[in-house]
Amino acid sequence: MNIHFAHPMYLWALLGLIIPLWMHFYHRKAAKVLYYSDLSWLEKIHQEGKGLKQIQKIWLLLARLISLIFLILGFANPLGPLTFRKSTQPNLILYVDNSPAQVLAARKAFLAKSTSLPTSPNGQAHLFFNDFESQDFEPKAWPKISELWNQRGPGLEPIKASQIMTHARQIAEENQQEPLLYWFSNFPKNKTLPSFPNKGSCVLQMFPGINSDNVFVDSVYLSNKFIRPNTSYELIVRLKNGGTQAANKRQISLYLNDFMMATQSVTLAPAESSELRFPFSLTKSGVYRAKLLSDDPVAFDNSFYFMLQSSAARKIYVIGNPQNLEKVFEKEEFFEFKSIQASEILPAHLPEDAFVCLVGVEDRTATDWKALNTWVSQGHSLAIIPNNSPNEAILQDINRFLAGTGKQLASTSTSELPIQQVSSRQSFFQEILAKKSLKNAAKLWTSKPLWEWNPGNETLISWMNGKPFLEKINVGQGTVFLFSSHVLAPQDGFNKHGLFLPVWHEMVLSSGMSPVLHKRISSQGIEIKASADFVYQSSEKSLLNWRKQGKNFIPEQNWLGKSWLCRIPQAMMQDLRSGANGFIEAQVGGKTIATLALNYPKEFSQLATYSKKELEEHYADQKQVSISQEVPTGLGEDNPRTSWALYCFGLALFFFLVEMALVLWNSRSSRTSSVNR
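Going by full-length UniProt numbering, 362 is the number at position 362 of the sequence shown; the sequence numbering is gapless.
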């Protein structure tokens with residue numbers, strides 16, 4: 001029986017039934033002995049059976065209790081079906097897309113849409129938001145659905161249609177009914193429209209679109225990869241208008257540690273991008289909290305947070321004969337050059353920020369290659385230079401090292417080949433070729449290849465036959481710069497070329513830690529690395545806490561061995577005042593181990609949405625999908641429920657009258673059985 005109460009708090013009054021029960025049993029206490037001088041007075045007492053009196057008292061008590069019970073139930077207003085036949089109505093499922101763009105940028109429209117829901121408490125539906133996995137799967141009445149809707153903050157990852165339909169099929173199988181899905185969303189154009197199966201029905205409910213400009217930060221980077229204190233640099237900010245109207249002279253301001261450094265204006269058409277350059281300098285080494293503020297009407301993404309840090313000296317460790325490589329770095333104070341032994345290539349012996357160069361592959365064992373693979377996969381950089389043409393066994397070891405990258409090295413008997421001219425369109429060479437002193441540095445040279453492989457997307461320098469001379473290969477989270485000739489040999493053409501020194505500098509600097517640090521909020525989680533000296537003790541003692549604007553949050557987290565993988569806490573996502581973006585201090589035991597600068601994903605800043613006409617054209621061939629503006633009254637009701645309050649009040653009155661009748665009857669019986677004096 002599906003019954004609920006409109007005002008369940010009144011049910012607490014049922015505890016008051018203890019009072020009449022207590023009074024009843026209190027007055028049944030044991031009789032006292034009274035002494036009379038003359039027993040003749042007792043001869044005329046009317047003798048009445050004790051059992052009859054007890055029965056009368058029990059009926060009086062029951063009538064009083066039942067009257068009170070129905071009176072309390074009437075105030076609680078029980079709601080239930082008029083009949084109890086099995087439901088034949090399709091199972092109703094509501095999915096509400098509560099993305100930040102919808103909840104934060106257009107919250108008024110988001111809340112107004114909930115007023116189109118039926119107000120009758122008789123209907124019910126399954127309700128899901130973007131945090132699909134954390135919600136219960138029980139149907140809810142319309143008043144509860146409206147309450148949850150109005151309290152809901154932004155969620156990250158939109159639910160896939162397949163997830164909703166999978167759950168809908170499970171409900172249908174349990175109840176032998178077809179599902180009916182109401183999909184509430186603004187249907188942004190930067191997301192693929194959902195597809196629905198043929199079984200069941202789906203009604204698309206559109207949120208009103210946001211007709212405004214919206215300037216947001218697409219990316220930030222520096223004019224130089226290496227930042228020294230008290231030196232002027234430029235912060236390059238790429239901006240985009242994700243709105244539906246033109247942004248006219250919107251102000252963008254740069255702040256360092258809450259001090260405004262510069263302000264510029266930008267004018268952008270919808271979907272147009274532009275770059276601004278902000279000059280800055282860091283007066284001392286360390287980490288600076290930086291943010292970019294814009295003044296467009298869509299405020300939730302108007303603050304972009306990032307960290308700026310002065311660069312530490314880059315460590316270059318060479319395994320093998322460095323030959324003249326040391327001279328490449330000796331004139332720059334921010335390079336620290338060191339030659340190490342093969343025994344030191346174990347990951348535990350190498351610093352986190354080192355750039356390792358392996359000169360010669362002949363004397364490396366399978367254990368060495370395995371250790372190097374582990375170290376590179378953790379996010380580090382390695383350059384590999386062959387000394388001689390490798391044999392088959394060496395090639396097998398290297399190919400195992402490169403397993404998963406799609407690269408297969410093979411020996412080659414090719415003689416010297418010329419190099420193709422490098423292109424300034426490659427980001428790797430843009431800064432190098434922009435320098436006036438290197439105008440003629442892109443002239444060709446010749447070298448002798450020692451092995452070869454098929455080129456990939458990040459081939460930096462190529463031979464004339466199309467094979468790579470230098471390629472950047474991703475291994476796990478790290479990078480391998482692979483040369484195909486012995487570039488350190490005096491007779492090699494690259495060794496004498498003007499690009500030799502800047503290419504090595506660029507490889508080392510580009511693989512270092514970025515001076516600009518920030519993260520995008522992701523439903524997949526945010527990884528926070530522990531310091532090198534951190535010792536994980538237990539999940540309780542090594543619990544990671546987030547502190548933001550004086551508030552503490554405990555994210556869902558997993559320890560990965562050297563880092564935590566954390567998910568954005570729901571309490572932070574529901575905070576409509578500050579949201580989930582901003583500066584976060586990650587703490588263990590009250591000690592800050594990292595500071596994060598979190599920002600919303602770029603796709604949430606895109607305001608362009610599909611119109612009703614576009615949706616109708618897209619789903620024209622899918623008869624199970626329809627588009628509607630309002631939710632019909634009575635939706636979710638198969639066996640309508642009604643209020644039983646009047647019935648409860650009527651029964652309370654009836655039993656109250658029964659109680660009064662019993663009282664009158666008892667008092668009349670007492671008068672007829674009184675002592676005859």
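Beta carbons are placed, not taken as given, at the ideal position from N, Cα and C, and that holds for glycine.
**Request:** Please report how far the alpha carbon of Asn324 lies from the alpha carbon of Leu488, in whole angstroms.
**Result:** Approximately 7 Å between the Cα atoms of the pair.
**Request:** Would you kindly work out how many angstroms separate the C-alpha atoms of Ser626 and Gly512, rounded to a whole number?
**Result:** When rounded, the distance between both Cα atoms is 53 Å.
**Cβ pair count under 8 Å reaching 3, the segment 392-411 against the segment 327-335** = Taking a cut-off of 8 Å on C-beta distances, the segment 392-411 does not touch the segment 327-335, as fewer than three cross pairs fall below it.
**Request:** Assign His167 to buried or exposed, taking buried as 16 or more other Cβ atoms, counted over all protein chains shown, within 10 Å of its Cβ.
**Result:** The residue in question, His167, is buried, as its Cβ has 16 or more Cβ neighbours within 10 Å.
**Asked** Is Leu308 buried or exposed, if buried means 16 or more other CB atoms sit within 10 Å of its CB?
**Response** Buried, because 16 or more other Cβ atoms sit within 10 Å of the Cβ of Leu308.
**Prompt:** Which stretch, first to last residue, makes up the alpha helix (DSSP H) that contains His380?
**Reply:** Where His380 is concerned, there is no enclosing alpha helix (DSSP H), given that its DSSP letter is neither H nor E.
**Message:** Taking the alpha-carbon of Glu138 as reference, which of Leu94, Phe110, Phe300, Gly155 has the nearest alpha-carbon?
**Reply:** Among Leu94, Phe110, Phe300, Gly155, the Cα nearest to that of Glu138 belongs to Leu94.
**Asked** Would a C-beta distance cut-off of 8 Å place Arg250 and Ser232 closer than the cut-off?
**Response** Result no, Cβ atoms of Arg250 and Ser232 do not sit closer than 8 Å.
**Message:** Taking 8 Å as the threshold (C-beta atoms), are Val516 and Val220 in contact?
**Reply:** Yes.
**Message:** Under 8 Å, with one C-beta from each stretch per pair, do the segment 186-203 and the segment 269-278 reach the 3-pair mark?
**Reply:** At 8 Å Cβ cutoff, the stretches do not touch.
**Asked** Nearest CA to the CA of Val359: which residue from Asn387, Asp353, Leu14, Thr367?
**Response** Among Asn387, Asp353, Leu14, Thr367, the Cα nearest to that of Val359 belongs to Asn387.
**Item:** Per DSSP, cross-strand counterpart(s) of Gly478
**Value:** In DSSP, Gly478 forms a bridge with Val475.
**Prompt:** If we count the other Cβ atoms within 10 Å of its Cβ and call it buried at 16 or more, is Trp142 buried or exposed?
**Reply:** Burial call: buried.
**Item:** Exposure label - Thr592; buried when at least 16 CB within 10 Å
**Value:** Exposed, by the Cβ-count rule.
**Item:** Range of the contiguous beta strand (DSSP E) that encloses Pro279
**Value:** In the DSSP assignment, Pro279 falls within the beta strand (DSSP E) that extends over 273-280.
**Prompt:** Using the beta-carbon count (16 or more within 10 Å), is Tyr610 buried or exposed?
**Reply:** Tyr610 is buried by the Cβ-count criterion.
**Asked** Can you tell me where the alpha helix (DSSP H) with Arg547 in it begins and where it stops?
**Response** If you look at Arg547, you'll find it isn't in any alpha helix (DSSP H); it sits in the beta strand (DSSP E) that goes 544-548.
**Asked** If we call anything under 8 Å between Cβ atoms a contact, is Pro229 one with Lys284?
**Response** Yes, the Cβ-Cβ distance between Pro229 and Lys284 is below 8 Å.
**Asked** What is the residue span of the beta strand (DSSP E) that Ser486 lies within?
**Response** One detail in the question is off: residue 486 reads as His in this sequence, not Ser. Per DSSP, His486 lies in no beta strand (DSSP E) segment and is marked neither H nor E.
**Request:** Using 7 Å as the cut-off, classify the Cβ of Arg547 as near or not near the heavy atoms of the ligand SAM, replying yes or no.
**Result:** With respect to the ligand SAM, the structure shown offers nothing to examine, as it has no ligands at all.
**Prompt:** Anyone know if the C-beta pair for Gly74 and Cys648 falls short of 8 Å?
**Reply:** Taking 8 Å as the cut-off, the beta carbon of Gly74 is found closer than this to the beta carbon of Cys648.
**Item:** Alpha carbon of Gln102 to alpha carbon of Phe110, nearest angstrom
**Value:** Their Cα atoms are separated by approximately 7 Å.
**Message:** Are the CB atoms of Glu416 and residue 682 within a distance shorter than 8 Å?
**Reply:** Beyond the ends of the chain as shown, which are 1 and 677, falls residue 682; an answer cannot be given.
**Item:** 7 Å Cβ shell around Tyr305 - same chain, five flanking residues per side excluded
**Value:** For Tyr305, where only same-chain residues beyond five positions count, the Cβ hits under 7 Å are Lys291, His518, Asn581, Gly582, Phe583, Ala597, Leu598, Asn599.
**Request:** Would you kindly work out how many angstroms separate the C-alpha atoms of Leu651 and Gln176, rounded to a whole number?
**Result:** Leu651 and Gln176 have their C-alpha atoms spaced approximately 38 Å apart.
**Message:** Check for me: the alpha helix (DSSP H) holding Ser146 runs from which residue to which?
**Reply:** Counting along the chain, the alpha helix (DSSP H) containing Ser146 begins and ends at 142-151.
**Item:** Contained beta strand (DSSP E) runs [length at least 3] in the segment 303-328, N- to C-terminal order
**Value:** You should have 303-309, 314-319.
**Message:** Trp451 and Pro490 - do their beta-carbons sit closer together than 8 Å?
**Reply:** The answer is no: Cβ separation not under 8 Å.
**Spatial neighbours of Arg677 in its chain, beta-carbon cut-off 7 Å, leaving aside the 5 residues before and after** = Low confidence applies here, because Arg677 scores a pLDDT of 41, under 50, leaving its location unreliable; read the following figure in that light. So no residue of the chain qualifies.
**Message:** To test your reading of the DSSP string, which unbroken alpha helix (DSSP H) runs of 4 or more residues are found completely within the segment 495-526?
**Reply:** Correct list: 500-510.
**Request:** Output the boundary residues of the alpha helix (DSSP H) element that contains Ala109.
**Result:** Secondary structure note for Ala109: its alpha helix (DSSP H) is the uninterrupted segment 107-114.
**Prompt:** Ile419 and Phe483: beta carbons closer than 8 Å?
**Reply:** No, the pair does not count as a contact, with Cβ atoms beyond the cut-off.
**Message:** Looking only at its chain, what residues have a beta carbon closer than 6 Å to the beta carbon of Pro297, apart from the 5 residues adjacent to it on each side?
**Reply:** The beta carbon of Pro297 lies closer than 6 Å to those of Ser212 in the same chain, with the five residues before and after it left out.
**Message:** For Arg520, tell me which candidate among Thr412, Leu62, Phe604 has the shortest Cα-Cα distance.
**Reply:** If we check each option's Cα against that of Arg520, Phe604 comes out closest.
**Message:** Tell me the rounded alpha-carbon separation between Glu471 and Ala313.
**Reply:** Distance between the alpha carbons of Glu471 and Ala313: 25 Å.
**Request:** Could you spell out the range, first to last residue, of the alpha helix (DSSP H) harbouring Val359?
**Result:** For Val359, no alpha helix (DSSP H) segment is defined; the enclosing uninterrupted segment is the beta strand (DSSP E) at 354-359.
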